[in-house]
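Asker:
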Amino acid sequence: MEEKENLSRSAENADEARVGEETPKKHSGFTSKIGFVLAAAGSAVGLGNIWRFPYLAAQYGGGIFLLTYIVFALTFGFVLMIAEIAIGRKTGKSAVGAFRALNKKFAFIGILCSLVPILIMPYYSVIGGWVGKYLAAFVSGNGAAAATDGYFNAFISSSWQPLVFFFAFVTVTFVIVLLGVEKGVEKSSKILMPILVVLTIGVAIYVMTVPGAGAGIKYYLLPDFRKFSIKTVFAALGQLFYSMSLAMGIMITYGSYMKKDAKIESSVHQIEIFDTGIALFAGLMVIPATFAFSGGSPEQLGQGPGLMFVALPKVFESFGSVAGGVMGSFFFALVLFAALTSAISLMETVVSIVIDFAKLSRRKACVVTYAGTLVLGLPSLFGFSIWSGFTVGGMTILDMFDFISNSVLMPVVALLTCVFVGYIVNSQTVIDEIELNGPFRKKRFFNVMIKYVCPICIAVILITSVLNVFGIFKL
Ligand code: PHE
Numbered sequence: 018m019e020e021k022e023n024l025s026r027s028a029e030n031a032d033e034a035r036v037g038e039e040t041p042k043k044h045s046g047f048t049s050k051i052g053f054v055l056a057a058a059g060s061a062v063g064l065g066n067i068w069r070f071p072y073l074a075a076q077y078g079g080g081i082f083l084l085t086y087i088v089f090a091l092t093f094g095f096v097l098m099i100a101e102i103a104i105g106r107k108t109g110k111s112a113v114g115a116f117r118a119l120n121k122k123f124a125f126i127g128i129l130c131s132l133v134p135i136l137i138m139p140y141y142s143v144i145g146g147w148v149g150k151y152l153a154a155f156v157s158g159n160g161a162a163a164a165t166d167g168y169f170n171a172f173i174s175s176s177w178q179p180l181v182f183f184f185a186f187v188t189v190t191f192v193i194v195l196l197g198v199e200k201g202v203e204k205s206s207k208i209l210m211p212i213l214v215v216l217t218i219g220v221a222i223y224v225m226t227v228p229g230a231g232a233g234i235k236y237y238l239l240p241d242f243r244k245f246s247i248k249t250v251f252a253a254l255g256q257l258f259y260s261m262s263l264a265m266g267i268m269i270t271y272g273s274y275m276k277k278d279a280k281i282e283s284s285v286h287q288i289e290i291f292d293t294g295i296a297l298f299a300g301l302m303v304i305p306a307t308f309a310f311s312g313g314s315p316e317q318l319g320q321g322p323g324l325m326f327v328a329l330p331k332v333f334e335s336f337g338s339v340a341g342g343v344m345g346s347f348f349f350a351l352v353l354f355a356a357l358t359s360a361i362s363l364m365e366t367v368v369s370i371v372i373d374f375a376k377l378s379r380r381k382a383c384v385v386t387y388a389g390t391l392v393l394g395l396p397s398l399f400g401f402s403i404w405s406g407f408t409v410g411g412m413t414i415l416d417m418f419d420f421i422s423n424s425v426l427m428p429v430v431a432l433l434t435c436v437f438v439g440y441i442v443n444s445q446t447v448i449d450e451i452e453l454n455g456p457f458r459k460k461r462f463f464n465v466m467i468k469y470v471c472p473i474c475i476a477v478i479l480i481t482s483v484l485n486v487f488g489i490f491k492l
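Numbering of the sequence shown is given in our numbering, commencing with residue 18 and proceeding in unit increments.
#1: Compare the C-alpha of Ala115 against each of Met268, Phe420, Tyr77 and name the closest.
#2: Within 10 angstroms of its Cβ, does Gly455 collect 16 or more other Cβ (buried), or is it exposed?
#3: Could you please give me the residues that DSSP links to Val96 through a beta bridge?
#4: Hey, which unbroken runs of the beta strand (DSSP E) at 3 residues or more fall wholly within the stretch 384-442?
#5: Indicate whether Ala299 and Asn66 have their beta-carbon atoms separated by less than 8 Å.
#6: At a cut-off of 7 Å, would you count Asn66 as near ligand 1, judging by its Cβ distance to the nearest heavy atom?
#7: Apart from the five residues on each side of it in sequence, which residues of its chain come closer than 7 Å, Cβ to Cβ, to Gln178?
#8: If you reduce the DSSP assignment to three classes, tell me which class Leu216 lands in.
#9: Does the distance from the CB of Val332 to the CB of Ala100 come in under 8 Å?
#10: Is Leu391 closer than 8 Å to Val187 when the C-beta atoms are compared?
#11: Do the CB positions of Ser346 and Leu152 come within less than 8 Å of each other?
#12: Could you tell me the distance, in whole angstroms, from the CA atom of Val54 to the CA atom of Val220?
#13: Using only the heavy atoms of ligand 1, determine whether one of them is closer than 7 Å to the beta carbon of Met325.
#14: If you reduce the DSSP assignment to three classes, tell me which class Thr165 lands in.
#15: Rounded to whole angstroms, what's the CA-CA distance from Gly272 to Ala103? Just pull it up for me.
#16: Do three or more CB pairs link the stretch 250-257 to the stretch 69-78 at distances below 8 Å?
#17: Under the rule that 16 or more other beta-carbon atoms within 10 Å means buried, what is Ser284, buried or exposed?
#18: Taking 7 Å as the cut-off, is the CB of Met98 close to at least one heavy atom of ligand 1?
#19: Where Asp241 and Leu318 are concerned, what is the direct C-alpha to C-alpha distance, given to the nearest angstrom?
#20: Counting along the chain, where does the alpha helix (DSSP H) carrying Arg243 start and finish?
#21: Output needed for Val303: all residues of its chain with C-beta closer than 8 Å, excluding positions within five of it in sequence on either side, in chain order.
#22: Assuming the contact rule is C-beta atoms closer than 8 Å, Ala58 and Phe291 should be a hit. Round their C-beta distance to whole Å, please.
#23: Would Ser206 pass as a contact of Thr358 if the rule is Cβ separation under 8 Å?
#24: Between Cys130 and Ala264, which are expected to be in contact by the criterion C-beta below 8 Å, what is the C-beta distance as a whole number of angstroms?
#25: Ala153: beta carbon under 7 Å from a heavy atom of ligand 1?
#26: Rounded to the nearest angstrom, what separates Gly294 and Gln287 at their Cα positions?
#27: Taking only runs that begin and end inside the stretch 222-286, name each unbroken alpha helix (DSSP H) of 4 or more residues, in chain order.
#28: Pick out whichever of Lys468, Trp147, Leu180, Ala61 has its Cα sitting closest to the Cα of Phe399.
#29: Shorter than 7 Å, the distance from the beta carbon of Gly300 to the closest heavy atom of ligand 1, or not?
#30: Closest to Ile87 by C-alpha separation, out of Ser314, Leu297, Thr270, would be which residue?
#31: Is it true that the CB of Phe457 sits closer than 8 Å to the CB of Pro282?
#32: Any heavy atom of ligand 1 within a distance shorter than 7 Å of the CB on Met364?
#33: Say yes only if the C-beta of Tyr259 is nearer than 7 Å to one or more non-hydrogen atoms of ligand 1, and no if none qualify.
#34: Quick one, are the C-beta atoms of Pro428 and Ile467 less than 8 Å apart?
#35: For Tyr140, which residues of its own chain have a beta-carbon under 6 Å away from its beta-carbon, when the five flanking residues on both sides are left out?
#36: Regarding Pro139 and ligand 1, is the C-beta to nearest heavy atom distance less than 7 Å?
Have a look at this one:
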């Protein structure tokens, strides 16, 4: 329990740390190692694992996407998470303060980090609203309708429904953050998140036994190298940052609350296994279901953000209307809860950024963040209805927000973090921080990755991906 309370205080302390740059670290830190792992994993696990990972895996070649993602998680993900947590723990500050404390000229990297949650929060809430709609459909006994083809598209393209659910999602998040009752939410998450994990695994196992699922399991688990394309690489890298809450300053803040005697290296391994494991099972639920219940045509696999919403209701319906209704309600309620906990941590982060930059009271900053999220979320929402004619390089407005944050800004921040750690403060500083309590087993690997492999690969991926979208470099 106690570690959760420490986490709840994190936002306040983060503000103090940033506003009073010179003040020493005031917070007490996580009381146990597992407390840190659970808190960081709690931020990492959200819609990114359950909604985003399966549709990207389906779209970008199945097994080959999974393989690329795992390779990235073990290399870039490992190195960046180590670096961010170590920077946070060493300085005891969140992003802006941490970069400034290590080198004044590089505080701008912290500022760039701060832009990421500002961009993600609005469209994350649009998807949160979609989850709310599906929960409402199952609870009101309309699960069968939700499982029919065309339901999802009719919903997102309708004029007022997505708006109502989006508004409700942002408002609930806002009220929780404003009233400062995150503690209660975090306590419940200790019980509800493990249930979500068990349920996801259970549904995945059930789906695998449905006739026709075999082709989906094969598609998802066996890499087909002919399906490999540079787009698989772009998608997997963006997903890595998004899912593990990297390159947005969040892990720096978490690191600042970690005790000096906790082992960073093994904690990072545990967070990565947890986060990747849930994404893996979410894919095992959604992709074989797309084959078993819808045939698994390339159009269905490539449908993008709607995949989970189209596939899962069909799974629940196959239980029969009563059991399906109960299961569907239960499942979407838990996913909504996971989305809410992530949205709360995103809104908290944005509120503390607003406090720092606009020097507002916490209350006013909450209201500004709330209004800003509502306004910035509208284009993403209308991109599926009245503004559906507006696309750039085939991307809807929601995809565009997603692209700018995950495929442009986050790789830029990740690249700068590597250069900063590798050359400006020197990777030895991070290594020393990790070695405070025991050997750093992957020290040489870390050194080579952060100095050479990561910055070069990320720079190449970033440049090709941006050129590709603007049609300058066709792939
Ligand atoms: N990592 C979260 C997810 O997978 C998204 C998130 C990012 C949540 C940043 C909080 C902060 O859904």
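Ideal placement from N, C-alpha and C gives every residue a C-beta, glycine not left out.
Answerer: If we stick to the structure as given:
#1: Distance from the Cα of Ala115 is smallest, within the candidate group Met268, Phe420, Tyr77, for Met268.
#2: Exposed.
#3: According to DSSP, which records beta bridges pairwise, Val96 is partnered with nothing at all.
#4: Counting only runs of 3 or more, we get nothing.
#5: Yes, they are a contact pair.
#6: Asn66 Cβ: within cutoff of ligand 1.
#7: If we look at Gln178 and ignore the five residues flanking it on each side, its Cβ neighbours are Lys150, Phe172.
#8: Note: Leu216 maps to helix in three-state DSSP.
#9: It is not a contact, given that the beta carbons lie outside the stated cut-off.
#10: Closer than 8 Å, so yes.
#11: The answer is yes: Cβ separation under 8 Å.
#12: Val54 and Val220 have their alpha carbons spaced roughly 26 Å apart.
#13: A distance criterion of 7 Å places the beta-carbon of Met325 beyond contact range of ligand 1, judged by its closest non-hydrogen atom.
#14: When secondary structure is reduced to three states using DSSP, Thr165 falls in the coil class, being assigned neither helix nor strand.
#15: Each residue's Cα considered, the two are about 6 Å apart.
#16: The stretch 250-257 and the stretch 69-78 touch, with no fewer than 3 CB-CB distances between them shorter than 8 Å.
#17: By the neighbour-count definition (other C-beta atoms within 10 Å, threshold 16), Ser284 is a buried residue.
#18: For ligand 1, not one heavy atom lies less than 7 Å from the Cβ of Met98.
#19: Spanning the two alpha carbons is a distance of roughly 15 Å.
#20: Element bounds for Arg243: n/a, residue is neither H nor E.
#21: Pro71, Tyr72, Ala75, Leu324, Met325, Ala328, Leu329, listed in sequence order.
#22: Their Cβ separation, rounded to whole angstroms, is 5 Å, which keeps Ala58 and Phe291 in contact under 8 Å.
#23: A contact, by the Cβ cut-off of 8 Å.
#24: Cys130 to Ala264, Cβ: 7 Å. Contact.
#25: Ala153 Cβ: outside cutoff for every heavy atom of ligand 1.
#26: Approximately 10 Å, taken between the alpha carbons.
#27: Runs found: 230-238, 247-260, 267-273.
#28: Closest by alpha carbon: Leu180.
#29: Distances from the CB of Gly300 to the heavy atoms of ligand 1 are all 7 Å or more.
#30: Residue Leu297 holds the alpha-carbon nearest to the alpha-carbon of Ile87 among Ser314, Leu297, Thr270.
#31: Per the sequence shown, residue 282 should be read as Glu rather than Pro. It is a contact, given that the beta carbons lie within the stated cut-off.
#32: No, since every heavy atom of ligand 1 falls outside the 7 Å radius drawn around the Cβ of Met364.
#33: Within the cutoff, so yes.
#34: No, the pair does not count as a contact, with Cβ atoms beyond the cut-off.
#35: So the qualifying residues of the chain are Ser397, Leu415, Phe418.
#36: Every heavy atom of ligand 1 is 7 Å or more from the Cβ of Pro139, so no.
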